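Chemist: This is the structure I want to talk about, given as structure tokens.
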Amino acid sequence: MQASPPKYPLRFLRWFCREDYLEEIEGDLVEIFEEQYDTSPSKARWRFAFSVIHYFRRDFIRPLRIGPIYPTAMFKNDLKLAWRNQRKQPFFSLLNLIGLSVGLAGCLLIGLYIKDEFSFNTMFADADRIYRMDIDNRLNGETTLYASVSAPLAEALAADYPQLEMVSRCRSVGEIMLRTEASKQNTKEEYTVAVDTSFLALFGLELIAGDASTTFQEPNTLVLAESTAKKYFGSGSPIGQMMRIDDEQLYQVTGVMADPPRNSFLHNYSVFLSLNSFEDAQTVAWNNWNFPTFVKVQEGADIDHFLSFLSTVKDRYIIPWAMTFIPGLTVESSQEQEKATGDYMRFGATALLDIHLHSPNREGEFNPNSSIQRVYILASIGVFLLLLACINFTNLSTVQAIKREQEVGIRKVLGSSRFSLVRQFLTQSALNMGLSLLAAILLSASILPLFNQFTGKSLQLPLGEPYFYFLLLTTTTALSLLSGWYPAAFMSRFEPNRALKGSGREQGMGQRFSGSLLVVQFSISVGLIVATLVVFQQLNFIKNKDLGYHKEQLLIIEDIDAVAPEKLTILKERMESITTVEAVSLSSYLPVNSARSGRTYMKEGKIGGDHAVIWQDWNIDHDYINTLGLELVAGRGFDRSFPTDSSAIVINESAAQILGASPEDVLGTRLTADFHREDKENMEYLTIIGVVKNFHFESLHSDIDALSMKLGTNPRRLVARIEASGVESTIASTQGIWETLAPASPLNYHFADEAFNKTYKPELKLGRIFTLFAGLSIFIASLGLFALMAFNVERRMKEVGIRRVLGASTSQIIYILSVQFIRWIALAILISLPLSYYAMSQWLQDFSYRISISWWTLLLAALLALFLAAFTITSQSIRAAMNNPVKSLRSE
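Sequential numbering of the sequence shown, starting at 4, is according to the working numbering.
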């Protein structure tokens, strides 16, 4: 048997080689191949292939003949035919345009949203080399995540880890009352942070005014965001001007910087104070975790090595510091205690670019983060919408194509090739897609302001960006091929004789394919309905859950430090004198968004690192427990008739559990936070006098942590429980009292339930988005079902007429026309329900307190989808059943 050279290299040679060289080169190569084949077949094949490649040179390559692959005249003709067919079938063309443009618009809006989410913090210089220091702390079985660390860590990292280019510390300040020195009217600035001298350089921030090299060096200096500077100083220069904070400290303006972008972790921050202004910034204590710290690593630095170094921070720095005041503590004993209890303190780092999407909301975050899970959910919805629109487009295009079967038969008889038919139908598809995409852009632009209000963003169509138009062109081409290929291939296969008789519809109209696509459509729609119902049930559960305190009719007055300290008692007494006010308390700490403070305690007689407990520690007044309606399960609350209550403490059930005792048994236990002093015999103790029932003072995403409350001073808030019928009169009376006691500051108030709803703003947004796009998916799916049913009725009109003449009833006609579609919808429901149940069960795992997905939720989603489908199907079936059979039978 004669050996044959490798076929693919030989084909390649015949394809590129010039005709005047081909015969000679091919003959030589084949001859050499046959000679070498007897010695080594595999080597002969490889050498033949390499020889072919060797001849792939300019001298042997045949001239490139560039001709019109798609001549202009042919393109114009196909485009003209496509436009005529659009006008010939206006009903189906309009349905196609509406369904596809709505789906594309929804997908475009979601794409803009996701692009914005991934753009967070990318504007900072060398953002890929910046990391934030974190602490994961587990103590007594409770885990707390911190986005801020100890004050000395920055100096330790700068001194002991050489691969860092720069280190910068911040300190959260929160809300301040600010005014110019010349003004007497305060303005509340909610987002204020103190930063050190390297802050601007680390993030690559520049000042609009002022010297960045000296900014923040001196105490009592500040930098304003541009809009804030204009608010206080108008068009004048603020540099060198003096401003007063909280009617006390005097600060000098040393710089003005551009407003931080909305998609950065500094979003909303308007005032930047010098960190040197705060005494605790100089502390050497490692138990004060109030300092967000950022580092920039050197180029090429090994991040894993840096993380490994951070894992030694506790043993390297914290334990030696704690050994100075905790007797018997050693690094070894600390490690043994961690192994025995499972507790830990781990220092870590989060990349700046990962903070927004890949970091949980830790204690001390600059702004609430989103989550990659939410992005995945929205991306899935976008893909589903696009898939629904393409399915609709494919089904409707198939319906339109089937109505042209006789035209296809005539074209085939006249000699049209299958390729030319495919090309024409793809041109039709491209025209539909192009028109739909244009309509989608116009629709997106018109509803974008509403969508921004819906999502809390400031999205814009990137009409000035070249990549946007490239993306549109690519999308149009890809979707035209994806959605139009099946109708084109399907119609081009018609046999001319059957197509001319009109029988192609009966044999090859692709009902199974269309039915499969319809099943996919309604499976997605049912899944989105289930998701919407579950999200709103969870939100309703959160809204109506017993939180352990009275959040209704709870009036909160902020910034009461604007009132002179000696007049706070007068403020409280006058508020209590309002007839509609039931109780009043002064405190900085509330179950809703407010100050948070952690503290380390040890039990009397058990002083040591292995006995420490860390929990929330709030300063309150005597009326706090009564005003919020907290329930005591053991002991009592604070009472003015007991002078010793100044050294008393009230804890919650979680704290009692950490102490290893029941609420009754823990009463009388003495705790100290004064264990760091050298003269241990003089430590100050607090005695537990009461235990309150656990109440939710953080998000329902988390379990209820341990909490202690003691009498304290310097409150920043007043909380008043008022009668439901006296809201307006109470606000009016409060306004008068405030203007008397703090005329320089505006009254800033809100209700506890408003702050509570703010906590779950991301979930509320997600619920609204689910509702919007679930509605769109049902609309698109119903539109496709309506078109398929309309075509089915039109196709079987003669059959219906014959059945009517033979005595079939209206209900029988409706059943015959509808039964196959109902089966498809039922199949979609059976596929979708278990998948959507699993997906939403996974979403609910993010909540420590959550609903269980009930059977009636799934049933309601199924019935809703079935009702909408049945309504769509029945409306068309009734039209066919009521039609006069004579009209459908009198012409063939």
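From the three backbone atoms N, C-alpha and C, an ideal C-beta is built for every residue, glycine too. These figures come from a predicted structure and were not determined experimentally.
What alpha helix (DSSP H) runs, 4 residues minimum, are completely inside the segment 161-212?
Modeler: 202-206
Chemist: Given Ala261, which residues of its chain have a CB within under 7 Å of its CB, disregarding the five upstream and five downstream residues?
Modeler: Locating residue 261 in the sequence shown gives position 258, counting from the first residue. Ile211, Glu229.
Chemist: Rank Thr147, Ser240, Ser519, Ser383 by C-alpha distance to the C-alpha of Thr183 and give the top, closest one.
Modeler: The sequence position of residue 183 within the sequence shown is 180, counting from 1. Here the closest residue by C-alpha is Ser240.
Chemist: Please determine, among Arg377, Gly608, Lys299, the residue with the shortest C-alpha to C-alpha distance to Arg673.
Modeler: Counting from 1 along the sequence shown, the entry for residue 673 is found at position 670. Nearest C-alpha to Arg673: Gly608.
Chemist: Helix, strand or coil for Glu366 per DSSP?
Modeler: Taking the sequence shown and counting its residues from 1, the one referred to as residue 366 is at position 363. Strand.
Chemist: Between which residues of its own chain and His625 is the CB-CB distance below 6 Å, once the five residues before and five after are set aside?
Modeler: Taking the first residue of the sequence shown as position 1, residue 625 is located at position 622. So the qualifying residues of the chain are Phe641, Arg643.
Chemist: Would you say the segment 707-716 touches the segment 645-659, given that touching needs at least three Cβ pairs under 8 Å?
Modeler: yes
Chemist: Look at the Cβ atom of Glu561, then the Cβ atom of Arg720, and state whether they are nearer than 8 Å.
Modeler: For this step, residue 561 is matched to residue 558 along the sequence shown. For this step, residue 720 is matched to residue 717 along the sequence shown. At a Cβ-Cβ threshold of 8 Å, Glu561 and Arg720 count as neighbours.
Chemist: For Met578 versus Ile380, is the C-beta spacing smaller than 8 Å?
Modeler: In the sequence shown, counting from the first residue as 1, residue 578 sits at position 575. In the sequence shown, counting from the first residue as 1, residue 380 sits at position 377. No.
Chemist: Between the Cα of Val287 and those of Val33, Ala159, Ile444, spot the shortest distance and give me the residue it belongs to.
Modeler: As a position in the sequence shown, residue 287 is number 284, starting the count at 1. Ranking Val33, Ala159, Ile444 by Cα distance to Val287 puts Ala159 first.
Chemist: Quick one: Cα of Leu181 to Cα of Phe396, how far?
Modeler: Here residue 181 refers to the residue found at position 178 of the sequence shown. Here residue 396 refers to the residue found at position 393 of the sequence shown. Cα to Cα, the separation comes out at about 59 Å.
Chemist: With 8 Å as the threshold, decide whether the Cβ of Asn717 is near any Cβ in chain B.
Modeler: The chain inventory of the structure shown lacks chain B, comprising one protein chain alone.
Chemist: If contacts are defined as beta-carbon pairs under 8 Å, then Leu788 and Thr733 qualify, I think. What distance do you get, rounded to the angstrom?
Modeler: For this step, residue 788 is matched to residue 785 along the sequence shown. For this step, residue 733 is matched to residue 730 along the sequence shown. Actually they do not touch by this definition, with Cβ atoms about 55 Å apart.
Chemist: How close, in whole Å, do the beta carbons of Ala392 and Gly106 come, if the pair is a contact with beta carbons under 8 Å?
Modeler: Working through the sequence shown from its first residue, we reach residue 392 at position 389. Working through the sequence shown from its first residue, we reach residue 106 at position 103. Yes, they are in contact, since the Cβ atoms of Ala392 and Gly106 sit about 3 Å apart, within 8 Å.
Chemist: Can you list, in chain order, the residues of its chain whose CB lies under 7 Å from that of Asn364, leaving out five sequence neighbours each side?
Modeler: By one-based count along the sequence shown, residue 364 stands at place 361. Excluding sequence positions up to five before and after Asn364, its CB lies within less than 7 Å of the CB of Pro371, Asn372, all in the same chain and listed in chain order.
Chemist: Look at the alpha carbon of Leu484 and the alpha carbon of Ile527, and state the distance between them as a whole number of angstroms.
Modeler: Translated into positions along the sequence shown, residue 484 becomes position 481. Translated into positions along the sequence shown, residue 527 becomes position 524. Each residue's Cα considered, the two are about 23 Å apart.
Chemist: Candidates Ser857, Leu356, Pro12: which alpha carbon is nearest Leu536's?
Modeler: Taking the first residue of the sequence shown as position 1, residue 536 is located at position 533. Just measuring C-alpha positions, the residue of Ser857, Leu356, Pro12 sitting nearest Leu536 is Ser857.
Chemist: Can you tell me which of Glu468, Thr478, Leu453, Leu464 puts its alpha carbon nearest to the alpha carbon of Ser437?
Modeler: Taking the sequence shown and counting its residues from 1, one reaches residue 437 at position 434. At residue 437 the sequence reads Gly, which differs from the Ser that was named. The option with the nearest alpha carbon to Gly437 is Thr478.
Chemist: Please report how far the alpha carbon of Leu440 lies from the alpha carbon of Ile101, in whole angstroms.
Modeler: Here residue 440 refers to the residue found at position 437 of the sequence shown. Here residue 101 refers to the residue found at position 98 of the sequence shown. Looking at the two C-alpha atoms, the distance is approximately 11 Å.
Chemist: Apart from the five residues just before and just after Ile322, which ones in its own chain have a Cβ nearer than 6 Å to its Cβ?
Modeler: Position 319 of the sequence shown, counted from the first residue, corresponds to residue 322. Within the same chain, Ile322 has close Cβ partners Val334, Ser337.
Chemist: What three-state label does DSSP hand Ile691 in the structure shown?
Modeler: Position 688 of the sequence shown holds residue 691. Correct three-state label for Ile691: strand.
Chemist: Is the beta carbon of Gly114 less than 8 Å from the beta carbon of Gly385?
Modeler: The count along the sequence shown starts at 1 and reaches residue 114 at position 111. The count along the sequence shown starts at 1 and reaches residue 385 at position 382. Cβ atoms of Gly114 and Gly385: closer than 8 Å.
Chemist: Please state whether DSSP places His359 in a helix, a strand or coil.
Modeler: For the purposes of this step, residue 359 is identified with residue 356 of the sequence shown, where counting begins at 1. Looking at His359 - three-state DSSP - the assignment turns out to be helix.
Chemist: Secondary structure at Tyr552, three-state DSSP: helix, strand or coil?
Modeler: Residue 552 sits at position 549 when you count from the first residue of the sequence shown. Of the three classes helix, strand and coil, the one that applies to Tyr552 here is coil, per DSSP.
Chemist: Can you tell me whether Met246 is buried or exposed? The criterion is at least 16 other CB atoms within 10 Å of its CB, across all chains shown.
Modeler: For the purposes of this step, residue 246 is taken as residue 243 along the sequence shown, with counting starting at 1. So Met246 ends up on the buried side.
Chemist: Which runs of the alpha helix (DSSP H), 4 residues or longer, sit entirely within the segment 586-669?
Modeler: With a minimum length of 4 residues, the continuous alpha helix (DSSP H) runs that stay inside the segment 586-669 are 627-631, 656-661, 666-669.
Chemist: Could you have a look at Gly507 and say whether DSSP puts it in helix, strand or coil?
Modeler: Locating residue 507 in the sequence shown gives position 504, counting from the first residue. Unreliable positioning characterises Gly507 in this predicted model, as indicated by a pLDDT of 47, which lies under 50. A coordinate reading is not provided.
Chemist: Mark Tyr470 as exposed unless 16 or more other C-beta atoms lie within 10 angstroms of its C-beta, in which case mark it buried.
Modeler: As a first step, residue 470 must be located in the sequence shown, where it is residue number 467. Its Cβ having fewer than 16 others within 10 Å, Tyr470 is exposed.
Chemist: Helix, strand or coil for Asn685 per DSSP?
Modeler: Here residue 685 corresponds to residue number 682 of the sequence shown, with the count starting at 1. Looking at Asn685 - three-state DSSP - the assignment turns out to be helix.
Chemist: If we count the other Cβ atoms within 10 Å of its Cβ and call it buried at 16 or more, is His361 buried or exposed?
Modeler: Counting from one through the sequence shown, the residue named residue 361 turns up at place 358. By the 10 Å Cβ count, His361 comes out exposed.
Chemist: Rounded C-beta distance between Ser702 and Thr762? I'm assuming under 8 Å.
Modeler: Position 699 of the sequence shown holds residue 702. Position 759 of the sequence shown holds residue 762. Contact flag correct, Cβ pair sits at about 6 Å.
Chemist: Under the DSSP definition of a beta bridge, which residues are partnered with Ser711?
Modeler: What you label residue 711 is simply residue 708 of the sequence shown in a count that begins at 1. BP columns for Ser711 point to Asp620, Ile654.
Chemist: Starting from Glu561, follow its DSSP beta bridges and name the residues at the other end.
Modeler: Within the sequence shown, residue 561 is the residue found at index 558, counting from 1. In DSSP, Glu561 forms a bridge with Arg720.
Chemist: CB-CB under 7 Å to Pro222, same chain, minus the five flanking residues each way: which ones, in chain order?
Modeler: Working through the sequence shown from its first residue, we reach residue 222 at position 219. Closer than 7 Å at Cβ, skipping near neighbours: Ser277, Asn279, Ser280.
Chemist: CA-CA distance, Ala865 and Thr480?
Modeler: Mapped onto the sequence shown, residue 865 falls at position 862. Mapped onto the sequence shown, residue 480 falls at position 477. Roughly 36 Å between the two C-alpha positions.
Chemist: In this structure, how does DSSP classify Gln338 when only helix, strand and coil are distinguished?
Modeler: Here residue 338 corresponds to residue number 335 of the sequence shown, with the count starting at 1. It is helical.
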